[in-house]
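So the protein sequences, as listed, match chains A and B.
Taking my numbering, I'd label the letters of the first sequence as residues 1 to 114.
Taking my numbering, I'd label the letters of the second sequence as residues 115 to 226.
Everything on this sheet refers to the single structure shown next.
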Amino acid sequence: KNQVEQSPQSLIILEGKNCTLQCNYTVSPFSNLRWYKQDTGRGPVSLTIMTFSENTKSNGRYTATLDADTKQSSLHITASQLSDSASYICVVIPLSGGYNKLIFGAGTRLAVHP
Amino acid sequence: DVKVTQSSRYLVKRTGEKVFLECVQDMDHENMFWYRQDPGLGLRLIYFSYDVKMKEKGDIPEGYSVSREKKERFSLILESASTNQTSMYLCASSLGGAKGYTFGSGTRLTVV
C-alpha cells in the first residue's frame, strides 16, 4: 500500500535554531512531492513542490530535499522564528491515478519557543 | 492568487441534524475536493468533483454526500450528523491534475 510516513511526530526547538523534518514514502512511481505548512485552525499552504527529477527546492528559510533512491525527503528550516510554529505535511502525488490520489503524511507538529 | 473560501470556521451541530458545509473558489478551477483531517491521520478524501454536476467517491464517502450545481461551489452534506463526524473539514480546488492545488481555511465541525 502506498504510504507516506513523517518523523518526528512533534518537535520543540528554540527560536533561531535550525531543524529538519523527515518524510519517507513508498509511493512509486510518483509525479511530485510537496511540503505544506498548516497553521493551527487553518488550511495547508504549499511551501515547495519537487518533481521526481529534482533533489532540492528552496523557499526562503525552507529547503526541501529529495532522494528518490532511498525514497526520502526532508524539510530543513533555517534560523527558526516563532511564526514557524505549525504542522508540516508531506504529500506525494503518484504518477498514475490522477489528482484525486494525493497521499498525505500525518504531519510533524513544530513548536518554536522564545 | 486562488482563493478557496469555506463559509464557516466553526460549527456545532446536534446528532441527527442535516449539515451543509459550503466551499467557493474564485479561479474557475474544474476540480474541487472535500477532505477530513483528524489528529494523527493524514488528510482523507471524502468526495471530489471534476465538473459541474459530476462527483466521485473518495476513500471515506460513507455518511456524506456532495452537490456541485455551479462550477465555483462545492457543498458537502452530512445527511444525519453523528458524533464520529466531529472533525476538521478541508475543501480544495485545482486547475487540472494537481496544478494550482489550493486549500480553504477549514471548518471545524463538532457534533454533540
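Virtual Cβ for every residue (Gly too), placed ideally from N, Cα, C.
Assign B/G218 to buried or exposed, taking buried as 16 or more other Cβ atoms, counted over all protein chains shown, within 10 Å of its Cβ. Locating residue 218 of chain B in the second sequence gives position 104, where the first residue counts as 1. Flag for B/G218 reads buried.
Near-chain A residues of the region 203 to 220 of chain B (beta-carbon distance less than 9 Å), N- to C-terminal order: L204, C205, A206, S208, G210, G211, A212, K213, Y215, T216, F217, G218, S219 and G220
I need the straight-line Cα distance from A/P44 to A/A86, nearest angstrom please. Stepping through the first sequence from its first residue, residue 44 of chain A is reached at position 44. Stepping through the first sequence from its first residue, residue 86 of chain A is reached at position 86. Taking the straight line from one Cα to the other gives about 10 Å.
Taking DSSP's pairing of strands, which residues face A/D67 in a bridge? Residue numbering aside, residue 67 of chain A sits at position 67 when the first sequence is read from its first letter. Answer is A/Q72, bridged to A/D67.
Give the straight-line distance between the Cα atoms of A/I12 and B/D165, rounded to the nearest whole angstrom. For this step, residue 12 of chain A is matched to residue 12 along the first sequence. For this step, residue 165 of chain B is matched to residue 51 along the second sequence. Their Cα atoms are separated by approximately 43 Å.
From the DSSP output, in three-state form, read off B/L157 for me. Taking the second sequence and counting its residues from 1, one reaches residue 157 of chain B at position 43. In the structure shown, B/L157 sits in coil (DSSP, three-state: anything other than H, G, I, E or B).
Hey, would you say B/R150 sits closer than 7 Å to B/S201, going by beta carbons? The residue given as residue 150 of chain B occupies position 36 in the second sequence. The residue given as residue 201 of chain B occupies position 87 in the second sequence. Taking 7 Å as the Cβ cut-off, B/R150 and B/S201 qualify as a contacting pair.
If I measure Cβ to Cβ from B/K185 and keep anything under 6 Å in the same chain, skipping five residues before and after, which residues do I get? Start at 1 with the first residue of the second sequence, and residue 185 of chain B comes out as number 71. Counting only Cβ-Cβ distances below 6 Å, and skipping sequence neighbours, we find V166.
If you check the beta carbons only, do A/S46 and A/Y62 fall under 7 Å apart? Within the first sequence, numbered from 1, the residue matching residue 46 of chain A stands at position 46. Within the first sequence, numbered from 1, the residue matching residue 62 of chain A stands at position 62. Their beta carbons are not under 7 Å apart, which means A/S46 does not touch A/Y62 by this criterion.
Span of the beta strand (DSSP E) holding B/T221? For this step, residue 221 of chain B is matched to residue 107 along the second sequence. Looking at the DSSP string, the run of the beta strand (DSSP E) that includes B/T221 is T221 to V225.
If you draw a straight line from the alpha carbon of A/P8 to that of A/R109, how long is it in whole angstroms? As a position in the first sequence, residue 8 of chain A is number 8, starting the count at 1. As a position in the first sequence, residue 109 of chain A is number 109, starting the count at 1. About 8 Å.
Can you pull the chain A neighbours of B/R222, defined as C-beta to C-beta under 9 Å? Locating residue 222 of chain B in the second sequence gives position 108, counting from the first residue. Simply G41.
If we require 3 or more residues per run, which beta strand (DSSP E) segments fall completely within the region 120 to 181 of chain B? 124 to 127, 133 to 139, 145 to 151 and 158 to 163
State yes or no: is the beta carbon of A/A106 nearer than 7 Å to at least one beta carbon in chain B? By 1-based counting over the first sequence, the position of residue 106 of chain A is 106. It does; some Cβ of chain B falls within 7 Å.
Are the region 188 to 197 of chain B and the region 18 to 34 of chain A in contact at 8 Å, needing three or more beta carbon pairs? no
Under the three-state DSSP convention, the category A/Q6 falls into: Within the first sequence, the letter at position 6 stands for residue 6 of chain A. Strand, per DSSP.
Selected residue, minimal CA-CA separation from B/I174, among B/R158, B/V126 and B/T221: Taking the second sequence and counting its residues from 1, one reaches residue 174 of chain B at position 60. The residue with the shortest Cα to Cα distance from B/I174 is B/R158.
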